[in-house]
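Reading through the structure tokens given below for one structure.
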Amino acid sequence: MNKYYFLALFYLLSVGNILAQEKPDIRINTFFHELPLDKVLTYFEEQSDYTFSYSSSAIPMDEKVTLKEQNISLWAALDESLKYLPVTYEVVNQNIVLKYNELTQTIRGTILDKDTKQPIFGATVFVVGSDPLIGATTDMNGSYRLGNVPVGRMTLHYAYLGYEEGAIPNVLLGSGKELILDVELVESVIKMEELVVSATGIGSQPLNEMGMISGRSFTVEETKRYPISIGDPMRLASSFAGVMGTDDDSNEIVIRGNSPRGILWKMEGVEIPNPNHFSSEGASSGGISMFSTQVISRSDFYTGAFAPIYGNVLSGVFDINLRKGNNEQYEHTIQAGLLGLDLSSEGPMSKSSGSSYLFNYRYSTLSILSDLGVIEIDENEKNTFQDLAFKLNFPTEKFGTFSVFGMGGLSKYARTGEGFREDIEKYNMGVIGVSNDLILNSSTFLKTNISVSGTEVGNDEFVKYQQDTINVDFNNLESFKKSYTRGSVILNKKFNSRNIVELGTVISRLDYDFSETEHNINNEDPFVDLIRFNDEGASGTQQAFVSWKFRISEQLSLVNGLHYFRFSFTGEDSWEPRSSLKWQFKENQSITAGFGMHSRLESLEYYLGNHINSDGTTVDNNPNLGMSKANHFVLGYDRVLGSSLYFKTEIYYQYLYNIPISNDPTFGWYSSINSSDGYSTIPLVNDGTGENYGVEMTLDKRFSRNYYFMINGSVFESKYEGGDGIERDSRFNGNFTYHGLGGKEWKVGKNGKNNILGVSAKISYAGNKRLIPINLEESIDQGREVYDFDRAFQERAPDYFRFDLQVSYRRNRAKSTSEWRLDLQNVSGRMNYGEQYYDDGLKQVVQEDQIGLIPVLSYRIEF
Numbered sequence: 036m037n038k039y040y041f042l043a044l045f046y047l048l049s050v051g052n053i054l055a056q057e058k059p060d061i062r063i064n065t066f067f068h069e070l071p072l073d074k075v076l077t078y079f080e081e082q083s084d085y086t087f088s089y090s091s092s093a094i095p096m097d098e099k100v101t102l103k104e105q106n107i108s109l110w111a112a113l114d115e116s117l118k119y120l121p122v123t124y125e126v127v128n129q130n131i132v133l134k135y136n137e138l139t140q141t142i143r144g145t146i147l148d149k150d151t152k153q154p155i156f157g158a159t160v161f162v163v164g165s166d167p168l169i170g171a172t173t174d175m176n177g178s179y180r181l182g183n184v185p186v187g188r189m190t191l192h193y194a195y196l197g198y199e200e201g202a203i204p205n206v207l208l209g210s211g212k213e214l215i216l217d218v219e220l221v222e223s224v225i226k227m228e229e230l231v232v233s234a235t236g237i238g239s240q241p242l243n244e245m246g247m248i249s250g251r252s253f254t255v256e257e258t259k260r261y262p263i264s265i266g267d268p269m270r271l272a273s274s275f276a277g278v279m280g281t282d283d284d285s286n287e288i289v290i291r292g293n294s295p296r297g298i299l300w301k302m303e304g305v306e307i308p309n310p311n312h313f314s315s316e317g318a319s320s321g322g323i324s325m326f327s328t329q330v331i332s333r334s335d336f337y338t339g340a341f342a343p344i345y346g347n348v349l350s351g352v353f354d355i356n357l358r359k360g361n362n363e364q365y366e367h368t369i370q371a372g373l374l375g376l377d378l379s380s381e382g383p384m385s386k387s388s389g390s391s392y393l394f395n396y397r398y399s400t401l402s403i404l405s406d407l408g409v410i411e412i413d414e415n416e417k418n419t420f421q422d423l424a425f426k427l428n429f430p431t432e433k434f435g436t437f438s439v440f441g442m443g444g445l446s447k448y449a450r451t452g453e454g455f456r457e458d459i460e461k462y463n464m465g466v467i468g469v470s471n472d473l474i475l476n477s478s479t480f481l482k483t484n485i486s487v488s489g490t491e492v493g494n495d496e497f498v499k500y501q502q503d504t505i506n507v508d509f510n511n512l513e514s515f516k517k518s519y520t521r522g523s524v525i526l527n528k529k530f531n532s533r534n535i536v537e538l539g540t541v542i543s544r545l546d547y548d549f550s551e552t553e554h555n556i557n558n559e560d561p562f563v564d565l566i567r568f569n570d571e572g573a574s575g576t577q578q579a580f581v582s583w584k585f586r587i588s589e590q591l592s593l594v595n596g597l598h599y600f601r602f603s604f605t606g607e608d609s610w611e612p613r614s615s616l617k618w619q620f621k622e623n624q625s626i627t628a629g630f631g632m633h634s635r636l637e638s639l640e641y642y643l644g645n646h647i648n649s650d651g652t653t654v655d656n657n658p659n660l661g662m663s664k665a666n667h668f669v670l671g672y673d674r675v676l677g678s679s680l681y682f683k684t685e686i687y688y689q690y691l692y693n694i695p696i697s698n699d700p701t702f703g704w705y706s707s708i709n710s711s712d713g714y715s716t717i718p719l720v721n722d723g724t725g726e727n728y729g730v731e732m733t734l735d736k737r738f739s740r741n742y743y744f745m746i747n748g749s750v751f752e753s754k755y756e757g758g759d760g761i762e763r764d765s766r767f768n769g770n771f772t773y774h775g776l777g778g779k780e781w782k783v784g785k786n787g788k789n790n791i792l793g794v795s796a797k798i799s800y801a802g803n804k805r806l807i808p809i810n811l812e813e814s815i816d817q818g819r820e821v822y823d824f825d826r827a828f829q830e831r832a833p834d835y836f837r838f839d840l841q842v843s844y845r846r847n848r849a850k851s852t853s854e855w856r857l858d859l860q861n862v863s864g865r866m867n868y869g870e871q872y873y874d875d876g877l878k879q880v881v882q883e884d885q886i887g888l889i890p891v892l893s894y895r896i897e898f
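The sequence shown begins at 36 in our numbering and counts up one residue at a time.
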């Protein structure tokens with residue numbers, strides 16, 4: 036009986052002690068605006084009988100708190116004050132103990148066989164240098180998960196017996212979003228249970244295993260980090276060796292002396308139209324890319340001797356991938372800046388099936404910068420654009436993984452002038468597609484794509500001027516609409532670790548509706564209405580390819596292949612052999628060599644444009660114009676100098692032929708090689724030639740130990756022959772280009788762990804594009820601009836120089852990551868050459884410069 040008495044007494048005392056520890060209802064009034072946390076806690080002590088205990092070296096006491104509540108509970112006020120901080124508290128009698136919780140996040144993904152896309156069961160992944168070790172192994176689906184990983188930078192290591200090891204260096208992990216990293220490992224040629232071969236690499240090798248030369252991958256982080264890029268992949272590429280960008284107003288890039296028109300754009304394995312705002316007909320560039328860094332993942336960029344899978348290309352390839360959305364939890368991003376507003380969201384559509392969504396919408400108006408006085412834009416000009424990108428992912432048990440993806444953009448330039456000119460130009464582009472990735476068996480992988488895309492280029496221009504005694508008012512209306520329906524099937528077969536074959540076909544239908552009319556409003560002689568286009572119809576292309584990779588040994592790999600390309604409009608076809616070789620003769624050194632035959636169609640306007648004769652009659656000159664072609668030869672040497680330091684050099688020669696030129700002596704200088712956009716209606720024949728040759732060198736220090744740098748240079752020649760048989764410099768023969776960029780990060784903040792201050796800079800110095808000079812005497816005599824075609828492209832515009840600087844501050848909180856970024860474009864304010872024209876009023880040639888210093892401020896938050 037006494038035993039039960041004491042048990043009951045002990046129970047009552049315990050309950051009484053628990054009740055005594057319950058938090059009393061203490062009411063206070065809070066009026067804090069950006070008040071440091073230490074002063075907020077002092078106020079709480081004054082309003083209650085509680086005291087606070089904490090380590091001032093661990094708790095961020097300088098964090099600002101804003102609270103404006105009346106008659107609020109002390110505990111609610113404390114919870115709100117610590118809401119976004121890595122701090123928790125515990126009440127012990129009359130003392131409140133603050134504890135610092137290290138910010139962590141989850142890293143997860145899948146590990147697959149690179150060739151068959153089969154999941155690898157039992158592969159290991161761990162955070163290099165973590166103590167205690169943070170690691171995991173993959174399950175039957177090839178999935179891994181690393182939980183409670185401290186935020187910041189780290190290197191992840193992946194390995195599986197019989198496969199070459201892989202690593203992703205200096206991954207940046209934030210508290211606002213989970214990091215999803217999918218990795219593909221390459222099976223080792225040497226199969227020995229006791230041997231694991233470690234791949235020597237630097238992390239920038241192309242994702243496409245068949246592309247062994249003149250290529251590199253780039254990451255989203257690089258696109259954000261490089262000062263000039265402002266999130267634009269094309270401006271990012273202008274930092275690489277052999278690439279020149281000398282137009283501040285656009286993202287046009289020149290690759291190894293070739294016209295920017297020769298670039299091929301692909302997204303999710305599908306060829307797409309020019310994905311750039313403020314573009315024009317026939318161009319591959321524009322003002323700014325429609326791609327957002329919120330949706331793209333690691334992608335490839337190539338500058339020559341392309342893999343057999345790529346067709347309809349002469350100068351370069353952008354092969355862009357979209358990432359999958361988070362299939363476990365909802366995450367969002369908001370970015371606001373002087374260029375506009377970005378809204379992004381991702382998350383699961385069905386957690387049971389693993390399906391997910393991802394989208395990003397951006398709206399921007401460049402007139403904001405003008406209104407703030409940052410850049411000078413005529414008060415009568417207005418530039419607006421918006422774009423949307425998305426990807427939906429649907430994995431299934433029996434039929435593989437389906438994806439629905441898309442991107443679209445609208446951009447418009449408008450200019451008005453009193454009694455002088457009104458001009459509205461627009462460029463709209465959109466693409467939507469469905470893809471399926473299907474594993475047929477342990478060695479065979481099938482990828483199928485169906486897509487629909489289209490572009491609309493429009494111009495509504497009203498011009499009013501006076502010539503002699505005649506008042507001229509005319510309206511120029513242009514509308515170029517194209518739509519593409521494409522289907523592709525690609526089969527990848529891995530016979531063994533040495534032999535991999537990839538083959539596929541792409542069928543494309545092109546529908547078009549062109550119209551261009553120059554309407555004379557006052558109808559005064561000698562001006563009449565001119566109709567240059569009034570065409571509607573359909574055509575298409577057919578492509579097929581086969582590629583075989585033979586790993587002769589662990590050190591020697593050979594890729595041979597063939598690409599077939601046919602244009603239905605003219606019935607022309609092209610058979611294009613490709614070959615590349617890589618010999619890794621030492622663990623840290625390799626030699627590469629490659630050859631490729633390539634072709635590209637001219638803009639459809641070349642084939643359909645009507646040439647207007649002096650008597651007003653029209654003639655269609657070029658319905659049978661052939662493809663432009665080129666043979667590429669590349670020899671390269673790579674050397675890894677350290678864990679993150681890499682040297683690369685390439686020597687190249689390109690022979691261009693079948694180039695459209697004019698055999699009319701009046702246009703003997705003309706060649707489509709020199710065009711970056713637009714089209715020509717003069718009679719053309721495929722008798723032109725050209726050649727590009729040069730050497731490139733790059734020293735690349737990948738991001739490690741909180742800094743990075745890249746120094747590269749290129750010396751080259753670009754020549755061509757027109758109809759007069761004279762060898763000339765091409766318009767894009769700048770002769771040299773040099774880039775130097777680098778940056779450093781510092782961990783800052785009270786705890787020295789969660790916040791990052793970054794500074795990056797870039798310097799570019801390059802030979803500019805070449806000019807057709809204006810004949811001043813003839814221009815004065817005739818009262819209009821007259822060019823001296825006999826001296827076409829003999830002179831270069833003044834050399835191009837630009838210095839860019841970026842400062843960023845990244846801040847991690849308990850459930851969010853925010854970042855301030857300031858991009859100072861053209862810090863030195865150098866007014867680089869833009870264009871020249873003849874001013875009849877001044878009777879002289881006037882040079883118009885490009886833009887000066889442009890600060891672009893943005894704020895981004897992930898949660």
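We treat Cβ as the ideally placed atom computed from N, Cα and C, and that holds for glycine.
Which residues does DSSP pair with Tyr868 in a beta bridge? Indexing the sequence shown from 1 puts residue 868 at position 833. Its beta-bridge partners are Asp884.
If we ignore side chains and look at the alpha-carbon of each, how far apart do Asn342 and Ser582 end up? Here residue 342 refers to the residue found at position 307 when the sequence shown is read from its first residue. Here residue 582 refers to the residue found at position 547 when the sequence shown is read from its first residue. The amino acid occupying residue 342 in the given sequence is Ala; Asn does not appear at that position. Spanning the two alpha carbons is a distance of roughly 8 Å.
Specify whether the segment 572 to 588 and the segment 536 to 543 touch according to this definition: at least 3 beta carbon pairs, one from each stretch, less than 8 Å apart. yes
For the 8 Å Cβ check, are there 3 or more pairs between the segment 652 to 668 and the segment 734 to 749? no
For Asn484 and Thr436, the rounded distance between their alpha carbons: Stepping through the sequence shown from its first residue, residue 436 is reached at position 401. Stepping through the sequence shown from its first residue, residue 484 is reached at position 449. Answer to the nearest angstrom: the Cα atoms are 12 Å apart.
Are there 16 or more other CB atoms within 10 angstroms of the CB of Glu883, so buried, or fewer, so exposed? By 1-based counting over the sequence shown, the position of residue 883 is 848. Looking at its Cβ environment, which holds fewer than 16 other Cβ atoms inside 10 Å, Glu883 is exposed.
Please state whether DSSP places Thr724 in a helix, a strand or coil. By one-based count along the sequence shown, residue 724 stands at place 689. Reduced to three states, the DSSP call for Thr724 is strand.
With distances taken Cα to Cα, identify the nearest neighbour of Ile867 among His598, Ala849, Asp834. The sequence position of residue 867 within the sequence shown is 832, counting from 1. The amino acid occupying residue 867 in the given sequence is Asn; Ile does not appear at that position. The residue with the shortest Cα to Cα distance from Asn867 is Asp834.
7 Å Cβ shell around Asn595 - same chain, five flanking residues per side excluded: As a first step, residue 595 is located in the sequence shown; it is residue number 560 there, counting from the start. Hits under 7 Å: Trp583, Ser614.
Is there a C-beta anywhere in chain C that falls below 8 Å from the one on Gly723? This model lacks chain C altogether, as it is built from one protein chain only.
Short Cβ contact (8 Å threshold) for Leu443 with Asp422: In the sequence shown, the residue the question calls residue 443 occupies position 408. In the sequence shown, the residue the question calls residue 422 occupies position 387. One point to set straight first is that residue 443 is Gly, not Leu, in the sequence displayed. Result yes, Cβ atoms of Gly443 and Asp422 sit closer than 8 Å.
Ignore the nearest five residues each way along the sequence and tell me which others in Val231's own chain have a CB closer than 7 Å to its CB. Position 196 of the sequence shown, counted from the first residue, corresponds to residue 231. Low per-residue confidence applies at Val231: pLDDT is 35, beneath 50, and the placement is therefore not dependable, though the value from the model is reported in the following sentence. Only Ala194, Leu196, Glu200 meet the Cβ criterion.
Looking at C-alpha atoms only, which residue of Gln370, Gly629, Ile696 is the closest neighbour of Tyr688? Reading the sequence shown from its first residue, position 653 is the one you call residue 688. Among Gln370, Gly629, Ile696, the Cα nearest to that of Tyr688 belongs to Gly629.
Collapsed DSSP secondary structure at Ser264 in the structure displayed: Here residue 264 refers to the residue found at position 229 when the sequence shown is read from its first residue. It is coil, neither helix nor strand.
Go through its chain and collect everything with a Cβ distance to Asp283's Cβ below 6 Å, but skip five positions before and after it. As a working mapping, residue 283 is identified with position 248 in the sequence shown. Counting only Cβ-Cβ distances below 6 Å, and skipping sequence neighbours, we find Gln885, Ile886.
Which of helix, strand or coil does DSSP assign to Ser112? For this step, residue 112 is matched to residue 77 along the sequence shown. Looking at the sequence shown, residue 112 is not Ser but Ala. Reduced to three states, the DSSP call for Ala112 is helix.
Can you give the beta carbon distance from Ser697 to Gly758, rounded, assuming they're within the 8 Å contact cut? Residue mapping note: residue 697 aligns to position 662 of the sequence shown, counting from 1. Residue mapping note: residue 758 aligns to position 723 of the sequence shown, counting from 1. Contact holds; Cβ gap of about 5 Å.
Simplified DSSP assignment, three categories, for Arg291: In the sequence shown, the residue the question calls residue 291 occupies position 256. Looking at Arg291 - three-state DSSP - the assignment turns out to be coil, as it is neither helix nor strand.
If I measure Cβ to Cβ from Glu219 and keep anything under 6 Å in the same chain, skipping five residues before and after, which residues do I get? By 1-based counting over the sequence shown, the position of residue 219 is 184. Within the same chain, Glu219 has close Cβ partners Leu147, Lys149.
Are at least three pairs of beta-carbons, each pair with one atom in the segment 311 to 322 and one in the segment 586 to 602, less than 8 Å apart? no
Residue from Pro383, Glu637, Glu731 with nearest C-alpha to Asp673: Taking the first residue of the sequence shown as 1, we reach residue 673 at position 638. The shortest Cα separation from Asp673 among Pro383, Glu637, Glu731 belongs to Glu731.
Identify whether Leu138 lies in helix, strand or coil by the three-state DSSP scheme. For the purposes of this step, residue 138 is identified with residue 103 of the sequence shown, where counting begins at 1. Coil.
In whole angstroms, what separates the C-alpha of Glu14 from that of Glu551? In the structure displayed, the chain extends from 36 to 898; residue 14 sits before or after that span and is not available.
In chain order, what residues of the same chain have a beta carbon less than 7 Å from the beta carbon of Gly869, not counting five sequence neighbours either side? The residue labelled residue 869 in the question sits at position 834 within the sequence shown. Here the set comprises Glu883, Asp884, Gln885.
Can you tell me whether Asp267 is buried or exposed? The criterion is at least 16 other CB atoms within 10 Å of its CB, across all chains shown. To locate residue 267, count along the sequence shown from 1; it is residue 232. Buried: at least 16 other Cβ atoms inside 10 Å.
Taking a contact to mean a Cβ-Cβ separation below 8 Å, would you say Phe771 touches Gly725 in this structure? If you number the sequence shown from 1, residue 771 lands on position 736. If you number the sequence shown from 1, residue 725 lands on position 690. In this structure, Gly725 does not lie closer than 8 Å to Phe771 by Cβ.
Taking the beta carbon of His774 as the centre, do at least 16 other beta carbons fall within 10 Å, making it buried, or is it exposed? Locating residue 774 in the sequence shown gives position 739, counting from the first residue. So His774 counts as buried.
Are the beta-carbon atoms belonging to Gly360 and Ser391 less than 8 Å from one another? Within the sequence shown, numbered from 1, the residue matching residue 360 stands at position 325. Within the sequence shown, numbered from 1, the residue matching residue 391 stands at position 356. Against a cut-off of 8 Å, the Cβ pair of Ser391 and Gly360 comes out as a contact.
Using only alpha-carbon positions, find the residue among Asp570, Ser274, Lys621, Asp608 that is nearest to Leu591. Taking the first residue of the sequence shown as position 1, residue 591 is located at position 556. Comparing Cα-Cα distances from Leu591 to each of Asp570, Ser274, Lys621, Asp608, the minimum goes to Lys621.
So, Tyr198 versus Ser165, is the Cβ gap smaller than 8 Å? The residue given as residue 198 occupies position 163 in the sequence shown. The residue given as residue 165 occupies position 130 in the sequence shown. Cβ atoms of Tyr198 and Ser165: not closer than 8 Å.
Going by the beta-carbon positions, is the gap between Phe702 and Glu640 smaller than 8 Å? As a first step, residue 702 is located in the sequence shown; it is residue number 667 there, counting from the start. As a first step, residue 640 is located in the sequence shown; it is residue number 605 there, counting from the start. No, these two residues do not count as a Cβ contact at 8 Å.
Which stretch, first to last residue, makes up the alpha helix (DSSP H) that contains Leu120? Here the question's residue 120 lines up with position 85 in the sequence shown. Taken as a continuous stretch (DSSP letters only), Leu120 belongs to no alpha helix (DSSP H), as it is neither H nor E.
In whole angstroms, give me the CA-to-CA distance for Pro59 and Val122. For the purposes of this step, residue 59 is identified with residue 24 of the sequence shown, where counting begins at 1. For the purposes of this step, residue 122 is identified with residue 87 of the sequence shown, where counting begins at 1. About 22 Å.
Mind reading off the beta-carbon distance from Asn511 to Glu491? Whole number of angstroms is fine, and I expect it under 8 Å. Position 476 of the sequence shown holds residue 511. Position 456 of the sequence shown holds residue 491. So it is not a contact: roughly 17 Å between Cβ atoms.
So which of Asp858, Val880, Leu888 has the shortest CA-CA distance to Arg260? Your numbering for residue 260 matches position 225 in the sequence shown. Cα-wise, what sits closest to Arg260 is Asp858.
Roughly how many whole angstroms lie between the Cα atoms of Ser332 and Phe568? On the sequence shown, residue 332 is found 297 positions in, with the first residue counted as 1. On the sequence shown, residue 568 is found 533 positions in, with the first residue counted as 1. Each residue's Cα considered, the two are about 40 Å apart.
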